[in-house]
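Data first, discussion second: the structure below is written as structure tokens.
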Amino acid sequence: MSRDIPSALALDLQSQASPHALLAFMTITHRNLATPIRVVSDPLDFEVDGQVFLGCPFEFQLLNDDETAPMTQVRVQNVDRRIGEAIRTVPDRARVMLEVRSTADFDLSVTPRAEVGTSSVVYGFRHFDLIDVTVNAVEVTGTLMLRDYSQEPWPGRRATQSRCPALFR
Numbered sequence: 739m740s741r742d743i744p745s746a747l748a749l750d751l752q753s754q755a756s757p758h759a760l761l762a763f764m765t766i767t768h769r770n771l772a773t774p775i776r777v778v779s780d781p782l783d784f785e786v787d788g789q790v791f792l793g794c795p796f797e798f799q800l801l802n803d804d805e806t807a808p809m810t811q812v813r814v815q816n817v818d819r820r821i822g823e824a825i826r827t828v829p830d831r832a833r834v835m836l837e838v839r840s841t842a843d844f845d846l847s848v849t850p851r852a853e854v855g856t857s858s859v860v861y862g863f864r865h866f867d868l869i870d871v872t873v874n875a876v877e878v879t880g881t882l883m884l885r886d887y888s889q890e891p892w893p894g895r896r897a898t899q900s901r902c903p904a905l906f907r
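Numbering (this note's numbering), first residue to last: 739 to 907.
Dropping the structure here:
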């Protein structure tokens with residue numbers, strides 16, 4: 739998934755008469771969630787590839803582009819209690835995919851907003867871990883990071899007494 743915005747689209751986005759308004763579509767998955775959490779950074783619901791994204795304004799920053807592992811912050815308004823409760827029940831890291839699409843690719847006269855043909859992804863990333871999650875009555879905040887396996891200890895699992903009790907008799 740590309741993290742570079744094409745130069746022609748970037749110029750079009752900066753134009754005063756541009757038909758584009760960018761929307762972020764975020765999908766949060768975890769094995770403990772019955773269905774993935776899908777939100778769009780708009781007050782109205784959108785449908786993409788047959789999946790409905792709940793209209794829930796949220797903020798995110800572009801990924802850092804330096805020598806460290808890719809990382810960003812995300813803040814979702816806790817307007818629907820189900821979002822905060824679902825995130826709170828996840829015992830470990832959830833996976834996040836974020837795609838930025840243009841409103842020019844959607845029919846804005848129907849509810850939920852539907853794609854006209856196939857919408858293209860302007861900016862996006864996937865397989866990021868959601869860490870440092872804070873849930874309160876107003877918002878859900880967290881950090882999205884790509885796991886850096888070069889920083890993991892080797893071997894990843896050790897033969898401890900709790901994991902391999904027969905070795906310690």
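Even glycine gets a Cβ: it sits at the ideal position worked out from N, Cα and C.
DSSP, read as helix, strand or coil, puts ARG864 in strand. Closest option to MET764, judged by alpha-carbon separation, among ARG833, ASP750, GLY788: ARG833. In the three-state DSSP reduction, GLY822 falls in the helix class (H, G or I). SER847 sits in coil when the DSSP states are folded into three classes, being neither helix nor strand. When LEU846, SER779, SER900, PRO808 are compared, the shortest CA-CA separation from HIS865 is found for PRO808. CA-to-CA, the gap between VAL838 and SER888 works out to about 29 Å. Per DSSP, GLU877 is one residue of the beta strand (DSSP E) stretching across 877-883. Secondary structure of GLN799 (DSSP, three-state): coil. DSSP lists no bridge partner for THR773. In the DSSP secondary-structure assignment, SER840 is bridged to LEU760. Under the three-state reduction of DSSP, ASP870 is assigned to strand. The alpha-carbon separation between ARG826 and VAL848 amounts to approximately 33 Å.
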